Amino acid sequence: MTNDVEICKGDVIVMVGTRKGAFLLSGKNSRDDWQISGPYCEDGDVFHLTYDPRNGALLAAVNNVFWGSQVQISTNLGATWTASEGNPKISDGSDLPLGRIWHISPGRADEPGVLYLGAEPASLFRSHDWGNNWEQFSSLTRHPTRDRWQGGNGGLCLHSIVLDPSSRQRMWAGISAVGVFRTEDGGETWEPRNSGVRSDFLPDPFPEYGQCPHKVLAHPSRPEVLYQQNHCGVFRSDDAGDNWHDVTDGLPSRFGFVLGVHGQDPGTIYVMPEDSASEGQAGGERRYVTDAKMRIYRSRNGGDDWEALSNGLPSEHAYLHTMREGMATDDLDPGGVYVGTTSGDVFHSRDDGDSWHSMARYLPPINSVEVATVV
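Residues in the sequence shown are numbered consecutively from 13, following this note's numbering.
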């Protein structure tokens, strides 16, 4: 693999985090020819790799079973990498050790130097200096319900961070298997926002908390409209999370991990259903695309109706699985959609999902996919 690929302003980069380092796929905005570079951060399991449009930096959540977890940063599109000077630490007086880092989110456009980070066990952090120092949202770590939180199959992880771009006071966090929490005061207090979300593996199928969101997203132009791919279905909220509506009807399975929102149309969303959860099971153990046929499902009206997209995707013997960060969308027209699998495949569409093409094969198992236009 080569690391001397030239990446220019205006190019599209697809960032792929894998169990054995990170890779970049780069090309022009026509998105019809790609060059691959990497691996980067080879000493770690890269759970998430993303791009900060405020300064052009790459941010990697790197986990190592021996050396622990750290944030690694590249300010030259992967040519060199440095570990952030300080790692986040749980500092609320508990004896909880920091586990794996699951998600990194650049701050809002008017928050220079601010980064947000989600980790396990169910912890949220913020840095004001590009990752050199971190502060913990202790009000979430010490939430009154905390002693009753239980993790899902992947652990007690905070994996989704959704910022309201118009308000520094409002943000959401998705935690497995706890639910969605919202703050309206910049993180001073947090409240569960899970009304209407099913959790039928619990005695109470609609509890205040205890749901298992796999991915939570919102379009920045309509942050009050939230979507989640949950263990028990796909849900939409039209009121910032106060109430959720089940929009699973029309999908072959309610179970899945990935979720995408169209870059220009906040009402268009994408999911990839997996296994036999639609048959009354909470999730099943097979964890591959339904009927071993890879199909992305698209809704143009927020989940009210769904259509299967399969042109160019494997249609038989496709025992493919994705992790929760395995789908991304760009903001070009027509829209691009990108999906990475634990089999090391990357597929992409450059026409809103109507047709699909293979971008890369035989990579290590893929944890995350993100896409950006270089500024």
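For every residue, glycine included, the Cβ atom is placed at its ideal position computed from N, Cα and C. Note that the structure is a prediction, hence the values are computed from the model and not measured.
Check whether residue i and residue j have beta carbons under 8 Å apart
i      : j      : result
Ala73  : Ile102 : no
Leu389 : Trp318 : With the chain covering 13 to 387 only, the question about residue 389 has no answer from this structure.
Ala330 : Val349 : no
Arg205 : Arg194 : yes
Ser135 : Gly163 : no
Leu110 : Ser150 : no
Gly186 : Gln240 : yes
Ala384 : Tyr63  : yes
Val381 : Val351 : yes
Val28  : Val358 : yes
Glu132 : Cys169 : yes
Val83  : Gly167 : no
Gly191 : Pro225 : yes
Arg299 : Tyr282 : no
Arg43  : Pro118 : no
Inter-residue Cα distance where the pair is residue i and residue j
i      : j      : result
Val26  : Leu344 : 13 Å
Val228 : His140 : 24 Å
Asp363 : Gly347 : 6 Å
Asn76  : Lys32  : 10 Å
Pro376 : Pro278 : 32 Å
Glu328 : Gln223 : 33 Å
Glu147 : Gly98  : 11 Å
Val237 : His231 : 7 Å
Thr94  : Gly208 : 44 Å
Arg234 : Ala252 : 10 Å
His333 : Val259 : 22 Å
Thr280 : Gly130 : 26 Å
Ser249 : Pro326 : 32 Å
Arg312 : Leu321 : 13 Å
Ala289 : Leu37  : The pLDDT assigned to Ala289 is 45, lower than 50, so where the model puts this residue is not dependable, and the model offers no usable value.
Gln276 : Thr341 : 10 Å
Arg120 : Ser178 : 9 Å
Asp55  : Met339 : 24 Å
His243 : Asp216 : 15 Å
Gly295 : Met335 : Confidence in Gly295 is poor, its pLDDT being 45 and thus under 50, which makes the residue's placement unreliable; the coordinate value appears in the next sentence. Near 14 Å, if we compare the C-alpha coordinates of Met335 and Gly295.
Asp287 : Pro124 : 42 Å
Leu61  : Asn255 : 31 Å
Gln47  : Met284 : 26 Å
Gly324 : Val17  : 27 Å
Phe137 : Pro100 : 7 Å
Leu70  : Ile308 : 28 Å
Arg210 : Arg266 : 11 Å
Asp45  : His360 : 12 Å
Gly245 : Asn145 : 37 Å
Ser355 : Leu152 : 35 Å
Trp161 : Thr30  : 28 Å
Tyr52  : Ser96  : 16 Å
Ala34  : Gly68  : 17 Å
First through last residue of the beta strand (DSSP E) which encompasses residue i
i      : result
Ser135 : Ser135 to Ser139
Leu108 : That residue, Leu108, is in no beta strand (DSSP E); it is neither H nor E in DSSP.
Arg194 : Gly191 to Thr195
Ala230 : Pro225 to His231
Pro285 : Ile281 to Pro285
Trp184 : Met183 to Ser188
Tyr309 : Ile308 to Ser311
Ile378 : Ile378 to Thr385
His171 : Cys169 to Leu175
Tyr239 : Arg234 to Asn242
Val83  : Gly80 to Ser86
Arg248 : Gly245 to Ser249
Thr341 : Met339 to Thr341
Phe267 : Careful: Phe267 lies outside any beta strand (DSSP E) and carries neither H nor E.
Tyr128 : Leu127 to Ala131
Leu321 : Glu319 to Leu321
Limits of the unbroken alpha helix (DSSP H) element including residue i
i    : result
Ser6 : Here the chain covers residues 13 to 387 and nothing more, so residue 6 does not appear.
For the stretch 197-207 and the stretch 163-177, state whether three or more C-beta atom pairs, one from each stretch, are separated by less than 8 Å.
-> no
Are at least three pairs of beta-carbons, each pair with one atom in the stretch 156-163 and one in the stretch 70-87, less than 8 Å apart?
-> Taking one beta carbon from each stretch, the stretch 156-163 and the stretch 70-87 have fewer than 3 pairs nearer than 8 Å; the two do not touch.
How about the stretch 16-25 and the stretch 364-374: do they share at least three Cβ pairs that are nearer than 8 Å?
-> no
Could you pull out every unbroken alpha helix (DSSP H) segment of at least 4 residues lying fully inside the stretch 202-227, listed in chain order?
-> none
Any beta strand (DSSP E) of 3 or more consecutive residues that is wholly inside the stretch 19-73 | Taken in chain order, the unbroken stretches of beta strand (DSSP E) that lie wholly in the stretch 19-73 and span 3 residues or more are 24-30, 33-39, 47-52 and 57-64.
Which runs of the beta strand (DSSP E) fall wholly inside the stretch 345-379 and span at least 3 residues, in chain order?
-> Taking only runs of at least 3 residues, the beta strand (DSSP E) segments lying wholly in the stretch 345-379 are 349-352, 358-361 and 369-372.
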